[in-house]
Every structure is written in C-alpha cells, then in structure tokens.
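So the protein lines, in turn, are chains U and W.
Here the first sequence is numbered in the numbering used here, starting from 90 and rising by one per residue.
Here the second sequence is numbered in the numbering used here, starting from 9 and rising by one per residue.
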Amino acid sequence: MTSRTEAVAWAVGALLLVALAVPWFMWGSDAVAAGLPVWVWWHVGWLCLTSVFFWAFTRRAWGLGIEEVSTRG
Amino acid sequence: MAETAIQVGILVGYMLVALAVGVVAYRLTDRTPEDYYLASRSLGTVVLLFTTFATLLSAFTFFAGPNISYRLGPEWILVMGLMDGVIFGVLWYVVGYKQWLVGKANGYLTLGEMLGDRFGSRRLRVLVAAVSIFWLFPYVMLQQQGAGTAVEALTGGAVPYWAGAGGITLFMIVYVTLSGMRGVAWTDTLQGLFMLGMVWAAFVWVGTAVGGFGAATETLRGLDGNPLALGGGAYTPAYIVSTAVSIAFGVTMFPQVNQRFFVAKSKAVIKRTLPLWPVLVVLLFVPAFMLGSWAAGLGIETNVNGNVLPPLLLEYTPTWFAALVIAGAMAAMMSSSDSMLLSGSSYLTRDVYRPLVADPDERREAWLGRLGVVVFATLTFVASLFQVGTLLEIGDTAFGGFAQLALPVIVALYWSRTTRWGIYAGIGASQLFYLASVFVDVVPGSYLGGWSASVVGMLLGLVLTVGVSAVTTPSTAEDPSVYERTGAD
C-alpha cells in the first residue's frame, strides 16, 4: 500500500471507532446482562477493540501522516 | 465524629505524602524552566499514563460524573467513553505526538510558544496564553471553591469555607513550587491508582450490599423514563456527539493536558501508553458512573453540596470506607489543581511576562515560574471568596472555550500554507462567537436540534483558519518548516 491509501485506511478505521463507540442501533434497548445494560457491555467491548486498534497502529503504522512530513521538508 | 477524624486524617496523610514526594522531586530538579515545567521531557510509560489520567479525570469523575448519571441516566458512560477513550485517544496521536516531536526538536514548553515561533509573532503567543488563562483561571477557582466547601462540610463547619479553601491553596503553593512537573506527575500516579482502586471497591461493595449488580441495575427500570433504555430524555444523538466532541477537543487545549503532550521520554513511551489508554478510562467510567445511576434507582438523595456519591456510600458501606473514598476525592481535586497551577504559571511567566522583558537567564526563569504559581494560586483563591457569577459561568464553560483553540492549532500543525492572519481569524472569531453564545442572549447556545454552540464555533474556527489563510500571503517572519523538523528517535 502507498502511504496515502494506508493513511486513508487507518483514518477510516479511526472514524469507525468513533462512530460506533455508542451503539446507535441499540437505541431504546433496556436489556440487562450480567448486571449491566447490554449497551454498556457493547461500549466496554468497543473500547477494548479501540485499544487493540491503537496497539496495531503503533506496531504497523506509527508516524503515518506525521513523520514523513519531515523527510519531505 | 469518628468519620470526620478519619477523613481529615486521610487528607492530611495524603498531603504529607505529596509533600514528601515534592521534596524528593525538588532534590532531583535541575534549576531550569524545562525541568520545572516539563521534568526535562523524561516521563516513562506508567507515570505518563497515570499523570494524564489523574489530571484529566480526577475530581470530575468522583463528583460531577456520578451526579450527571444520577440525574440523566447511565448513558454518561458512553459520552465520556467516546470522548476520552476514543476521540481523545486519536487526538493524542494527531495533536499530541506531533506536538511532542516539534516540541522536542525546537524546545517548546507551551502551546503559545509553539505557535508564536511558527508564525513569527509574539502577539500570537501572548494571545494564545491570554485566551488559555482566561478559561483556566475561573476553572482553578472552581476547584478551590469545591475544596473549601468540602472541607467545611467535612468538619461540620468547624473549619470555615475561607480557611478550608485557603489552607488547601497554601498547601498546593508550597508543594507545586517545590516539586514542579516531576513531583506533580509522581503524586498523580499514586493518586490515579488509588482512585481506580477505590472506585472499584465502592462498586463491588455497593453492588453486593444491595443483592448483586443485576439487582442494583434493575432498580432503574422502575424510574420515570426508564433510564436503562439507551437514549431518551436529555440524551439525544446531537447532545451525545456534541458533548463528546467538544470536551475531547477542549481537553487537548487545556494547559495542563496540552503540556503533558511534551513530557514523554521517548517515542516508545507514547507508543506504549496510547493502547493502554482506552481500557484504563473504561475501567474507571463504568463503575464510577454506574454508582451514580444506582443511587437514583435506590432512591438516594444528594447531600447539601449536590453530590450523590457520599450519601450513597454512607448508606451502603461502613463509615470508614465512605470516609476513605470522600477524602480520596478531595485529594483527587488537588491532583488536578496542582497541574493546572503549574501550567497556568508557565503560560503566565513564559508567554505573557517574558516577552515583555528582556530574556532572563534560565535559572532566574525557573524561579519566576515558582513566583507565577504563587501569584496564580493567590489570585484564584481571592476570586473564589467572592463567588462572582460571571467567573463561575466562565469556569463552567471552560471546556468549550478551550475546544475553540483546537482546530486552528491542528490546521497550523499540519498545513504549511496556514498564515498568521488565518490563525488570528480562526482563534479570534471562534472565541468571540463562543463567548457571545455564553453571555449574549440573542446568540443561541444550541443549533439545528441540539448541536452545541461549542461545536458550531469549532467549525467556524476551522473554516476561517483555512479560508483566511487561503486568501492571505505569509509574512517573511513566518516559518512553517519549524513544524517539519522532528526529533524522532
């Protein structure tokens, strides 16, 4: 992947993380599981996924959009 | 009475530990401003993680957060999780890592310095510092006010408000002047771990006492509007998104958080810290805010200060435990305020005072920074005695005020064609618009079905920074290349 497509892919991933941290599709749901509303569990799982995403980013693409600026200038 | 003794004992214990840490930190300090304000950019993963955590979340998480989920429902977990865990996490890379690189390469200590250098403008530097102090000052004042009220309540009025607020201010002055960033970050780490442990202990204790987490959560079903159902009431999509966006961007420009972008020891430290962040915040938010919502279901009434966590704990946990958590919350308040004092002082001395006088030598400037702490803390304390309505309102809307700075700064960091006029227009107009929305009746605070003025102002700042930059030409003093230098290791 070129740096540009790679940057777009990571940005889309980050936007998805932002967009679905709140489970909009569960709007109005009041189901409870294991002591907490199910939508709280979704959020907990989603933030764990966010951590994994950040970790993958630090491993594979750290510096993207930031460090290459310096080599050009 | 025993309860008061325990609370006061814990509070005094915390202060002694903080002072001891301060003394150790002082002995390790070089007498330079970079060391005093930024611990010579030497923080490791654990300390960076927890100092950011404690600075960002402490007092708010203990008091305001549970109060909001008590009144409005547990969706506050989602608002704060989205804000802090996800959006702030992304911004920590986009703004924070970039700032760390250019800060290290060019020796910047403050946001104003970073912008002033790039745009060759001392005036811009002073403007950014002045805008920041404008919002920070009443916010610190609110913390002192909270501390004074809490001490008064804690001692049943034996220690009056002014003495409580004054005593805590004095303690912070001594400790922050002594320890600088290094000591503040170390106590934050202890504070953050303590806070997390206490919140979980309280969560488990209350949950067990009422017959299990499920039973506690089910009590909400019977309330008006069924707070268990996602959304509804105050929680509209526009409210959730604009609150999360505005606070997340605002937080990045809060001096005490923004300055923490500069302090990591190495790139590896930031890379290790970032993935731990979302899990750490969700670990705190779920128990802290569920407790607030449970209190509503369990029919707990707020105390005289309007807080719900203390009466909830006093109802379901032993007195000593409730005392421990409440004292912990006050210590938390101090761990936020000390960082704000330190940053406020650095903006005041470095960006406002220093440009007005001939460059003082480094040793003298480090002392000037300490004097700045004394001045800043004393002024906010005096202001807290008068409870001026306007100042209270500025403090309450500070997050939105800081959020207005974020997009012009991001544009400047990444777009080399940004001009001085562009950033002036972006910062100036968005600040004026947001201030008008807070103070002028004819300017609404909410747009198009619930989008806050803060978010609208942010967009205005973005459009003006880009638009005005596009139609103006940079002056010769501007140097975009300073942001392309990196000190990456």
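Glycine included, every Cβ here is placed at the ideal spot set by N, Cα and C.
Chain W within 8 Å of residue i, Cβ atoms only
i	result
serine 92 of chain U	no
glycine 102 of chain U	no
leucine 105 of chain U	no
valine 133 of chain U	yes
Own chain, CB closer than 8 Å to residue i, minus 5 neighbours either side, in chain order
i	result
valine 214 of chain W	Ala224, Leu299, Trp302, Leu320, Leu321, Tyr324 and Thr325
glutamine 153 of chain W	Ala173, Ser392 and Gln395
alanine 330 of chain W	Glu11, Pro318, Leu321 and Leu322
glycine 157 of chain U	The sequence shown places glutamate at residue 157 of chain U, rather than the glycine named in the question. Ser92.
glutamate 95 of chain U	Ala150 and Leu153
threonine 386 of chain W	Thr177 and Ile181
leucine 228 of chain W	Gly81, Pro82, Asn234, Pro235, Leu236, Ser301, Trp302, Ala304 and Gly305
valine 448 of chain W	none
Own chain residues within Cβ distance below 7 Å of residue i, not counting five before or after
i	result
arginine 130 of chain W	Gly124 and Pro363
valine 294 of chain W	Ile85
glutamate 370 of chain W	Thr40 and Pro41
glycine 241 of chain W	Leu80, Gly81 and Gly233
leucine 468 of chain W	Ala437, Ser438 and Phe441
valine 107 of chain U	none
arginine 133 of chain W	Gly120, Glu121, Leu123, Gly124, Asp359 and Pro363
tyrosine 491 of chain W	Val110, Arg126 and Leu421
glutamate 226 of chain W	none
isoleucine 308 of chain W	Val316, Pro319, Leu320 and Glu323
8 Å Cβ cutoff, residue i in contact with chain U
i	result
leucine 162 of chain W	no
arginine 229 of chain W	yes
leucine 86 of chain W	yes
glutamate 486 of chain W	no
phenylalanine 221 of chain W	yes
lysine 106 of chain W	yes
isoleucine 248 of chain W	yes
isoleucine 402 of chain W	no
valine 463 of chain W	no
glutamate 530 of chain W	Here chain W comprises residues numbered 9 to 497, so residue 530 of chain W is not present and cannot be evaluated.
valine 82 of chain W	Sequence inspection shows proline at residue 82 of chain W; the valine mentioned does not correspond to that position. Closer than 8 Å: yes.
alanine 296 of chain W	no
valine 207 of chain W	no
leucine 238 of chain W	yes
leucine 282 of chain W	yes
glycine 89 of chain W	yes
asparagine 234 of chain W	yes
isoleucine 95 of chain W	yes
lysine 273 of chain W	no
valine 139 of chain W	no
valine 98 of chain W	yes
Same chain, Cβ closer than 6 Å to residue i, neighbours up to 5 away in sequence not counted
i	result
isoleucine 141 of chain W	Tyr355
serine 77 of chain W	Trp84, Phe297, Gly300 and Ser301
valine 55 of chain W	Ala193 and Thr197
tyrosine 169 of chain W	Gly156 and Glu160
isoleucine 402 of chain W	Pro146
glycine 465 of chain W	Gln412, Ser438, Phe441 and Tyr442
phenylalanine 14 of chain W	In the sequence as displayed, the identity of residue 14 of chain W is isoleucine instead of phenylalanine. Hits under 6 Å: Trp328 and Ala331.
4 or more residues per run - each alpha helix (DSSP H) lying fully within the stretch 394-465 of chain W: Secondary structure within the stretch 394-465 of chain W: the alpha helix (DSSP H) runs of 4 or more consecutive residues, fully enclosed, are 397-404, 406-422 and 428-447 (chain order).
Along the stretch 107-129 of chain U, where does the CB come closer than 8 Å to a CB of chain W? Name the residues. So the list reads Val107, Ala110, Val111, Pro112, Trp113, Met115, Trp116, Gly117, Ser118, Asp119, Val121, Ala123, Gly124, Leu125, Pro126, Trp128 and Val129, given in the order they occur along the chain.
Do the stretch 282-298 of chain W and the stretch 136-143 of chain U make contact, defined as three or more Cβ pairs closer than 8 Å? Short answer: they touch.
What are the residues in the stretch 170-186 of chain W lying within 7 Å of chain U by C-beta distance? Within the stretch 170-186 of chain W, no residue places its CB atom closer than 7 Å to a CB of chain U.
When you compare the stretch 131-147 of chain W with the stretch 302-311 of chain W, are there three or more beta-carbon pairs, one atom per stretch, that lie closer than 8 Å? Taking a cut-off of 8 Å for Cβ pairs, the stretch 131-147 of chain W and the stretch 302-311 of chain W do not touch, as fewer than three such pairs fall below it.
Which complete alpha helix (DSSP H) runs does the stretch 33-80 of chain W hold, if anything under 4 residues is left out? Complete alpha helix (DSSP H) runs here, min 4: 41-46, 53-67 and 73-80.
Report yes or no: do the stretch 420-431 of chain W and the stretch 174-183 of chain W share at least 3 C-beta pairs separated by less than 8 Å? Segments in contact, no.
Could you say if the stretch 185-203 of chain W and the stretch 22-32 of chain W meet the contact criterion of at least three C-beta pairs nearer than 8 Å? The stretch 185-203 of chain W makes contact with the stretch 22-32 of chain W, as at least three CB pairs between them are under 8 Å.
Is it true that the stretch 221-235 of chain W meets the stretch 106-125 of chain U, where meeting means three or more beta-carbon pairs spaced less than 8 Å apart? Between the stretch 221-235 of chain W and the stretch 106-125 of chain U, the count of Cβ pairs shorter than 8 Å is three or higher; the stretches touch.
Is the stretch 454-465 of chain W close to the stretch 59-76 of chain W, with three or more CB pairs under 8 Å? No, they do not touch.
Mind the definition here: the stretch 460-468 of chain W touches the stretch 431-441 of chain W only if three or more C-beta pairs lie below 8 Å; say whether that holds. By the Cβ rule, the stretch 460-468 of chain W counts as touching the stretch 431-441 of chain W, because three or more pairs are nearer than 8 Å.
Is there contact here, the stretch 264-279 of chain W with the stretch 473-493 of chain W, by at least three beta-carbon pairs under 8 Å? No, the stretch 264-279 of chain W does not touch the stretch 473-493 of chain W.
For the pair the stretch 242-262 of chain W and the stretch 11-29 of chain W, tell me if three or more CB-CB distances fall below 8 Å. The stretch 242-262 of chain W, when compared against the stretch 11-29 of chain W, does not touch it at the 8 Å Cβ threshold.
Segments assigned alpha helix (DSSP H), at least 4 residues, entirely inside the stretch 156-225 of chain W: Counting whole runs of 4 or more residues, the stretch 156-225 of chain W contains the alpha helix (DSSP H) stretches 169-217.
Where are the alpha helix (DSSP H) runs, 4 residues long or more, that stay fully inside the stretch 234-318 of chain W, in chain order? Within the stretch 234-318 of chain W, the runs of alpha helix (DSSP H) that reach at least 4 residues and sit entirely inside it are, in chain order, 245-261, 263-266 and 275-305.
The stretch 85-94 of chain W contacting the stretch 305-317 of chain W, beta-carbon criterion three pairs below 8 Å: Result no; under three Cβ-Cβ pairs closer than 8 Å.
Please list the residues of the stretch 104-129 of chain W that have a C-beta atom closer than 9 Å to any C-beta atom in chain U, keeping them in chain order. Within the stretch 104-129 of chain W, the residues whose Cβ lies closer than 9 Å to some Cβ of chain U are Tyr105, Lys106, Leu109 and Ala113, listed in chain order.
Quick one, which residues of the stretch 285-311 of chain W are near chain U if we go by CB-CB under 8 Å, in chain order? Residues passing the 8 Å Cβ filter: Trp285, Pro286, Val287, Val289, Val290, Val294 and Met298.
What alpha helix (DSSP H) runs, 4 residues minimum, are completely inside the stretch 106-137 of chain W? Note on the stretch 106-137 of chain W: whole alpha helix (DSSP H) runs with a minimum of 4 residues are 106-114 and 119-126, in chain order.
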